[in-house]
Amino acid sequence: MTRRSLPFTGALVLAAAVATSQPGGEKAMFGNTYDRNMVSAEKGLPGDFDVKTGKNVLWWADVGSQAYAGPVILGGKVFVGTNNDGLRNPKLTKDRGVVMAFKEADGAFLWQITHEKLPAGRVNDWPQQGVCSTPYVEGDRLWYTSNRATLVSVDTEGFRDGENDGVKTEKDQSEIDGDVVWEYDMIGELDVFPHNLAVSSPLVVDGVLYATTGNGVDEGHINIPSPRAPSFLAVDAKTGALIWENNMPGDKIFHGTWSNPTYAVIKGVPQVIFPGGDGWLYSFEPKKGALLWKFNANPAGSKYILGGRGTANEVIATPVVWEDRVYVGVGQDPEHGEGAGNLWAIDATRQGDVTGTAVVWHRGGNDFHRTISTVAIADGILYAADLSGFLYALDARTGQHFWTHDLLAAVWGSPFVADGRVYLGDEDGDVEVLKAGKTKQVLGSYNLGISVYSTPVAKGGVLYVLARNRLFALKQGAQGQPATPRRMEHATGE
Amino acid sequence: MPRTTLSTLTLAAALALAPLAHAGDWPTWRGPYRTGVSDEKGLVTRWSRAGENLLWKADLTARATPVVFDGRVCTSGRAGTGATRAEMVACFDAATGRKLWERHFPVYNTMVPFTRVGWAALAADPETGFVYAQNVDGQLVALDREGGTAWQHRMGEEYGRGSGYGGRTLIPLVDEDRLVVGSVGAGWGDIGPPRQRYIAFDKRTGAVRWISTPAQGPFDDANNQASPTVAVIAGRRLIVGGGADGWIYAVEARTGAPVWRFQASVRGLNSPPVVEGDVVYAGHSEESPDGGPMGRVVAIDGRGTGDITKTGELWRADGLTVGFAGPTVAGGRVYVVDNAGNLHALDQKTGARLWSHGLGTVGRAAPVFADGRLYLTEQNGKVLVVEPGATGAKTLHEETITMPEGRTAEVWGGVAVAYGRLYFTTEEGLYCVGRKGAPFKATATVVPPAAEPRPAAEARAARLIIVPAEVIAAAGTPVGFEAWSFDEGGRFLRKEKAAWALDGLGGSVSAEGVLTPPAATGAGKVKATVGELSASTQVRVFGPLPWTFDFEQGAVPRHWIGAGPRFKVADLGGGKRLQKPPLEAGLQRATVFIGPPTLANYTMEGDVLFTRQGRRAGDLGLVNQGYTLDLLGKKQELQLRTWASELEKSTTIPFAAEPDVWYRMKLRVDAQGGKGVVRGRVWKKDGPEPAEWTITLEDPTVVAAGAPGIYGDSVTDLYYDNLSVSANQ
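Chain order of the listed sequences is A and B. Numbering-wise, the first sequence is residues 560 to 1053 according to the working numbering. Numbering-wise, the second sequence is residues 37 to 765 according to the working numbering.
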């Protein structure tokens, strides 16, 4: 999103959000802005597309065999997190976490940075999942969490600019390799035990990077091996030096810590809001890390049961701030199955334990299921999806229900609202397009042939959809190459 | 069931007569042919929880496909609350739903959570009347008609089967006079390396017939469920199963000799293959070894030998994430259900995708084809009847099962078709669906034996196995062995007169193959030679208690299960100690079993020491009869537990312990009348032994017997010394 264009859009809501929470230069991140609201002021986006014929397809580019992070677009480049099955650098074999950079104009591959897997294996770094952290990009720097539970700052140009910034000891320094500025090891420095994978999509505000650590249970799923290690931390974005850490919720983590921080200035008070692995939200004063408020997103009486059948859930979705309220749904690892969920609108102006007292409205029981999707709010209407495949349109201020749409397939990604439409991808590879508004109107369903587990993004009139193994750039009026069956070089053998 | 009137009875009888001609039992979870195909006709195509065509429902919680035989329907499941939580096996009258018996098994030495207990379906054997269960914790049990234990094994403690958190468990398979069970893990000696294995037992006695290790390398994840099947392909009777390493293996059913292997995926397999004719059909949802999108369904020519990855593939259908549900082949089509709950029909000859049909969002259970229709389940409570056609499918009926609190019930298993009825389990109960008033008759499904050439009269012996295999013997108690020969096709020839010898084992073996084991603990091999053929099998001999281990001989005892490369003997403080250094790769947690699982009411003792590095420190302790006494160095706690993921049955107390200091531990179990008291004592080794027990656990459902062992979990060095196992005083 280009903020310069915003005053002309008449999207007062967005403008207000930007005015309060988006200082500094141009930036890109999961959820586009600090408030993580999955909306955009982009116009002229394609209302339909056909990847088999190339209709309204600007370009497509192959990533690894699995991709869950991004895309983010800035400075003429598109960045995604994926695994190494694309084998873009044939010298770098085996399973790895990868961040790839493509040229925004035509999808040409520019460079990649790779991370070997942690030797502990799946308990800390699940095979083939790649980098699941959507990078934060600002200026010529990009920050993300690697599969090795390191926070990484890299040069957006890679080594293509002929310079080696920061760290000088990268093993791979060809022009298609990434240029590390600094790397902070959360396992080695802080004894973090990332459960299955560290995935946090960080934020950088005023030179400070905020991230969750991924701390969680060991392979037995009941013991927190590192209860004193932080779940939340702040580091210097320039140097990677630790500024503060907080180990809440300690040994109360149910499973892992897989959500992302959100930043907002609410009634003049800056807040960084972290979802905890215990199903609570924790809001901190950003500079020193003092707790402002906390909220239990599981109703009283909820119980977490090992294996997935309980009623207490985690926060895997990312909180969204809109009109001084925080909106978030709860859910579990999709492997735990579907189940009852809760969607909350919380007043973020209060202090202390605001469980119950800060609730503006709540939807739960059998009216909302487990979710790992982040909400989108546009023109006062909140769009929320759940793992069971339902998309809901609700009044963001009151929770009033406008409509529900059943996608008939599991949804992991988030609804994205732009140009008067709601775009939502699902596990069957369909991108469902609906008219934004209080009345349900399905405009179409367009299959990409590959599951979609991420959230669409728009920039420069182009809609980007990251399917599991391929990135599509969709533009009204474009005629691209018909999508061919996906081949993989397969880097991951013995 | 409501009272029936004469007219409805007559009508029902008329309806029932002709169509049920083929009605029979469903003795394996995939039916009489192990293909998911039923011969039955006249099945109902709709039913309702409210009562339409609902014959009976039994209260239980299960996630496995039931087996139906001998007029009974049996399933595994879970039962109990709090400290009585257990794995359950139950049998019901297939006509009425009356419960015949229910057995509970305490779950121990595992991390699998309660909600995943009972994941493997049972195997039934109409010949003996036994049902066989492999529980999530590796308890393998044969239950007789009355539910009594005919025989049992502990797969982990005896053969090194791993039991992680995931809980997916390989379903046992009855084949001729054997029970074949898949096992993934690391044991000792020949079965020491971490591999996918198959173990065949004598189905009547539980004696090991053979152990097969067809895998060439380590596995991806011990939590796998591509359960084995059996078929005669090109005259060879083969066990075909999907490995935890992504390979599909075929081994000879009677000898375990590996025949062929095919790499389907780079990750472990969970979708059980089926065999139709000479072709093996299999699916997965992960990366394929030669690229392509995630997921593939593949047809493999099962007539090959050796590595047939590049030569055996008949066709592939890429991009179908069939990771859990097994395929079903009927009427020239291969039906598969993908992970996202979509049913696909593929051309049996070419693999071409004919059509797809949405069932829901989560696909886990294999389809069943019967009477021209597909009977399916979807994990979110759905039971569906689908009519497949040439160009598409139509859902005839869909019923959603919910829990009392309103959410959908989990349905993991598929449908069993028997006696003209449908049987299936859910989180909410066991259902029997069929035509009301239709006469009930329990008849066995007669499956003609697969055509197999008889061995030639003068056939040359090509294989030799020693029976029993992988024996645990008591010191001084003789064990008789036999040498069995087979022809080139793996067909039994005869019991041979062999020349017998011992390798690394004390005691003696007679010319008739009778082993007189040594008087003390030891391990080695019994060898048989017949002409140019030879065979060997492993034997572990356990002497009477007490046992002591001081490691001064410098080696880890070779008969321990699971010690592998994880443990070694190292010098520390002027003595030789057992050390568990941090592994460079893989999980740091390890349990080593040092004796047989038949020991009961004993005391285990040992010295333990953990080390610290920065914020990191280790956990370590002792295992006695299914109970672990764990000194949690980092948490500064002492825990006594039996089931690591269900701590309602455990005791945890604060315990200030210092790194680099030797502590002495004592762990004693007293089991009597189904209940037990477990007591632990821990003190600084250089101080006096306290008079009182440090920690106690009372168990209302005690583990009756179990192997002694040691436990450790750390990224820093752990040490053990002066271990002993002695009978309770």
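No residue lacks a Cβ here, since even glycine has one placed at the ideal position from N, Cα and C.
Closest by CA to residue i, which one among the options?
i, options, result
"residue 374 of chain B", "B:355, B:411 and B:385", "B:355"
"residue 842 of chain A", "A:861, A:857 and A:820", "A:820"
"residue 542 of chain B", "B:576, B:723 and B:697", "B:576"
"residue 339 of chain B", "B:358, B:367, B:295 and B:330", "B:295"
"residue 646 of chain B", "B:661, B:639 and B:672", "B:672"
"residue 624 of chain A", "A:1038, A:1026 and A:1031", "A:1026"
"residue 742 of chain A", "A:717, A:733, A:763 and A:707", "A:707"
"residue 106 of chain B", "B:740, B:477 and B:451", "B:477"
"residue 399 of chain B", "B:428, B:421, B:358 and B:610", "B:358"
"residue 536 of chain B", "B:507, B:573, B:557 and B:523", "B:573"
"residue 307 of chain B", "B:315, B:283 and B:528", "B:283"
"residue 661 of chain A", "A:678, A:651, A:639 and A:645", "A:639"
"residue 560 of chain B", "B:593, B:112 and B:533", "B:593"
"residue 970 of chain A", "A:953, A:805, A:934 and A:977", "A:934"
"residue 424 of chain B", "B:407, B:437 and B:438", "B:407"
"residue 615 of chain A", "A:782, A:650 and A:1020", "A:1020"
So which residues on chain B does residue i lean against when the C-beta distance must stay under 8 Å?
i, result
"residue 855 of chain A", "Result: empty, since nearest Cβ-Cβ is about 20 Å, beyond 8 Å."
"residue 925 of chain A", "442 and 443"
"residue 750 of chain A", "650, 651 and 652"
"residue 873 of chain A", "The premise fails here: residue 873 of chain A is roughly 16 Å from chain B at the closest Cβ pair, so nothing lies under 8 Å."
Residue i bridges to which residues according to DSSP?
i, result
"residue 921 of chain A", "A:903"
"residue 770 of chain B", "Past the boundaries of the shown model lies residue 770 of chain B; chain B is included only from 37 to 765, so the question cannot be answered."
"residue 416 of chain B", "B:446"
"residue 1004 of chain A", "A:991"
"residue 753 of chain A", "A:774"
"residue 598 of chain A", "A:976"
"residue 1021 of chain A", "A:1018"
"residue 715 of chain B", "B:704 and B:732"
"residue 161 of chain B", "B:166"
Round the Cβ separation of residue i and residue j to the nearest angstrom and send it over; I've been treating them as touching at under 8 Å.
i, j, result
"residue 1008 of chain A", "residue 1042 of chain A", "7 Å"
"residue 876 of chain A", "residue 890 of chain A", "7 Å"
"residue 636 of chain A", "residue 604 of chain A", "In fact, because the Cβ distance is near 20 Å, the residues do not count as touching under 8 Å."
"residue 894 of chain A", "residue 813 of chain A", "Rounded, the Cβ-Cβ distance is 14 Å, inconsistent with contact."
"residue 770 of chain A", "residue 792 of chain A", "6 Å"
"residue 109 of chain B", "residue 130 of chain B", "5 Å"
"residue 217 of chain B", "residue 169 of chain B", "In fact, because the Cβ distance is near 10 Å, the residues do not count as touching under 8 Å."
Since residue i meets chain A, which of its residues come closer than 8 Å, beta carbon to beta carbon?
i, result
"residue 398 of chain B", "896, 897 and 969"
"residue 623 of chain B", "679, 680, 682 and 778"
"residue 201 of chain B", "778, 779 and 780"
"residue 303 of chain B", "686 and 687"
"residue 694 of chain B", "Near residue 694 of chain B there are no residues of chain A at all, since even the closest Cβ is about 18 Å away, more than 8 Å."
So with CB distances below 9 Å, who are the chain B contacts of residue i?
i, result
"residue 837 of chain A", "Under the 9 Å cutoff, chain B gives no residues; its nearest Cβ is about 17 Å from residue 837 of chain A."
Chain A partners of residue i, CB-CB under 9 Å?
i, result
"residue 415 of chain B", "896 and 897"
"residue 378 of chain B", "968 and 987"
"residue 681 of chain B", "779, 780, 781, 865 and 866"
"residue 394 of chain B", "967, 968 and 987"
"residue 343 of chain B", "Within 9 Å Cβ-Cβ: nothing; residue 343 of chain B doesn't reach chain A, min ~14 Å."
Could you tell me whether the Cβ of residue i comes closer than 8 Å to any Cβ of chain C?
i, result
"residue 888 of chain A", "No chain C appears in the structure shown, which is made up of the protein chains A and B."
Given that residue i touches chain B, what residues does it touch there, using C-beta distances under 7 Å?
i, result
"residue 787 of chain A", "651"
Under 7 Å between beta-carbons, which chain A residues line up against residue i? List them in chain order, please.
i, result
"residue 349 of chain B", "What residue 349 of chain B touches in chain A: nothing, since even the nearest Cβ is about 16 Å away."
Residues, ordered as in the chain, of the region 669-688 of chain A that lie near chain B by beta-carbon distance below 8 Å: Considering only beta carbons, the part of the region 669-688 of chain A lying closer than 8 Å to chain B consists of 678, 679, 680, 681, 682, 686 and 687, in chain order.
According to a CB-to-CB cut-off of less than 7 Å, which residues of the region 1012-1029 of chain A neighbour chain B? Per Cβ criterion, the list reads 1027 and 1028.
Proximal residues, the region 128-151 of chain B versus chain A, C-beta separation under 9 Å: Of all residues in the region 128-151 of chain B, only 147, 148, 149, 150 and 151 place a beta-carbon less than 9 Å from a beta-carbon of chain A.
Could you run through the region 320-332 of chain B and flag, in chain order, every residue whose CB is less than 9 Å away from some CB of chain A? Residues passing the 9 Å Cβ filter: 322, 323, 324, 325, 326, 327, 328, 329 and 330.
Within 9 Å of chain A by C-beta, residues of the region 599-631 of chain B in sequence order: Hits within the stretch, in order: 619, 620, 621, 622, 623, 624 and 625.
With 9 Å as the C-beta to C-beta threshold (strictly closer), list the residues of the region 354-365 of chain B near chain A in chain order. Answer in chain order: 354, 355 and 357.
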